[in-house]
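Protein chains: 2
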Amino acid sequence: MVERDLFQPSTADIRLSDVLAAFADPVRLEVVRLIDGLGAGEDGDGTPCSQYGDMLGIHKSTVSHHLKVLREAGVTRTRVQGRNRLVQLRRADLDVRFPGLVDVVLNAAAEADAKAGAEAAAAS
Amino acid sequence: MVERDLFQPSTADIRLSDVLAAFADPVRLEVVRLIDGLGAGEDGDGTPCSQYGDMLGIHKSTVSHHLKVLREAGVTRTRVQGRNRLVQLRRADLDVRFPGLVDVVLNAAAEADAKAGAEAAAAS
DNA sequence: CGCATTGTTTGACAGTCATCAAACCGAATC
DNA sequence: GATTCGGTTTGATGACTGTCAAACAATGCG
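Going line by line, the protein sequences match chains A and B. No gaps in the numbering here: position 52 of the first sequence is 47 in this note's numbering, and each next residue is one more. No gaps in the numbering here: position 34 of the second sequence is 29 in this note's numbering, and each next residue is one more.
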């Protein structure tokens, strides 16, 4: 079984504006949260990205586009394994470069989510 | 002397994607850093935003546009005082909504800046 | 009042972006 | 070898963005 990595910027070359732009799109932020959620607690065998499209209700080519943006921004690493792509967050690398950023953004996203959920519940 | 505030979203209405998008533009991030730097340690009398254009070498209408984006994203507050606009960071509000975000981003920007400066020095 | 100052608004322009659909491609499976 | 499966690439489309320039608006000053 062939296994290789798709190109990604080296840690030193990750640019803040690219990372922020990558996080700025709501769909992409959801993708990141999914990657983070699914990647954690696993044995390293991530979920194939085909799932993301189904979960978010977007076309597979759109998912592919977003994953490319994330990877080229330095947010994710993509391993090619057979015909699947296993995507992981580059947490450690990002933390070296921009300490705390990923945590803060993911927490903020989670909180915004909780708030939206609470409002929806209150409205029903 | 007339003094009033321009419209801005209430703290609860600040959206993460808007804030991240606001920070994602390099020029705008520089503006934010200038606002943060100039706003601190002053008696409340901020620098009129005309200065930002000169410092960054961009047209005054472009500055106006960026300040509008920042204000509408909830990142800044703008007081109209005479014919000047005094702009401040809404640090406290942002920290309530997205704890740590502003600090992390500004630190990351400062670090990226220092790195770029060091590289430039090494290259010379 | 007339004029200068400060900033906003509008219009134009070029570039980018998110999205889908369809074609394509490499790897696994039959 | 043909087919299927997971994903990428290309093309098209509509929306948005950053920038400047010029016109406009509002305020303070002589």
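Positions of the beta carbon are idealized from the N, C-alpha and C atoms, including for glycine. Because the structure is a prediction, the values reported are computed rather than measured.
Checklist entry - Given R86 (chain B), which residues of its chain have a CB within under 7 Å of its CB, disregarding the five upstream and five downstream residues? => result Along the second sequence, read from residue 1 onward, the residue named residue 86 (chain B) stands at position 91. Excluding positions up to five away in sequence, the list reads V97.
Checklist entry - Does any C-beta atom of chain A lie closer than 7 Å to the C-beta of S4 (chain B)? => result Position 9 of the second sequence, counting from 1, holds the residue named residue 4 (chain B). Just to set this straight, residue 4 (chain B) is Pro in the shown sequence, not Ser. Contact of P4 (chain B) with chain A is not assigned, every C-beta pair being separated by 7 Å or more.
Checklist entry - If contact means a Cβ-Cβ distance below 8 Å, which residues of the segment 11 to 33 of chain B contact chain A? => result Listed by position along the chain: L11, S12, L15, A16, F18, A19, D20, P21 and L24.
Checklist entry - When the Cβ atoms of the segment 101 to 114 of chain A are set against those of the segment 65 to 85 of chain B, are three or more pairs found closer than 8 Å? => result Because the criterion of three Cβ pairs below 8 Å is not met, the segment 101 to 114 of chain A and the segment 65 to 85 of chain B do not touch.
Checklist entry - In whole angstroms, what is the alpha-carbon distance linking R23 (chain A) and H60 (chain A)? => result In the first sequence, residue 23 (chain A) corresponds to position 28, counting from 1. In the first sequence, residue 60 (chain A) corresponds to position 65, counting from 1. C-alpha separation (whole angstroms): 10 Å.
Checklist entry - Beta-carbon separation of L81 (chain A) and L15 (chain B) under 7 Å? => result Within the first sequence, numbered from 1, the residue matching residue 81 (chain A) stands at position 86. Within the second sequence, numbered from 1, the residue matching residue 15 (chain B) stands at position 20. Between L81 (chain A) and L15 (chain B), the gap from beta carbon to beta carbon reaches 7 Å or more.
Checklist entry - Do you know whose CA, among A:D0, A:G32, A:D49 and A:T6, lies nearest D90 (chain A)'s CA? => result Taking the first sequence and counting its residues from 1, the one referred to as residue 90 (chain A) is at position 95. Comparing Cα-Cα distances from D90 (chain A) to each of A:D0, A:G32, A:D49 and A:T6, the minimum goes to A:T6.
Item to check | Member of B:A17, B:P21 and B:Y47 whose CA lies at the smallest distance from the CA of I30 (chain B) | outcome: In the second sequence, counting from the first residue as 1, residue 30 (chain B) sits at position 35. Minimum Cα distance to I30 (chain B) is reached at B:Y47.
Checklist entry - If we ignore side chains and look at the alpha-carbon of each, how far apart do A105 (chain A) and D13 (chain B) end up? => result As a position in the first sequence, residue 105 (chain A) is number 110, starting the count at 1. As a position in the second sequence, residue 13 (chain B) is number 18, starting the count at 1. Rounded to whole angstroms, the gap between the alpha carbons of A105 (chain A) and D13 (chain B) is 16 Å.
Checklist entry - Residues of chain A with CB under 8 Å from G69 (chain B), in chain order? => result Translated into positions along the second sequence, residue 69 (chain B) becomes position 74. Under the 8 Å cutoff, chain A gives no residues; its nearest Cβ is about 12 Å from G69 (chain B).
Checklist entry - Since L62 (chain B) contacts C44 (chain B) with CB under 8 Å, what's their CB separation in whole angstroms? => result Translated into the one-based positions of the second sequence, residue 62 (chain B) becomes position 67. Translated into the one-based positions of the second sequence, residue 44 (chain B) becomes position 49. 6 Å between Cβ atoms; contact.
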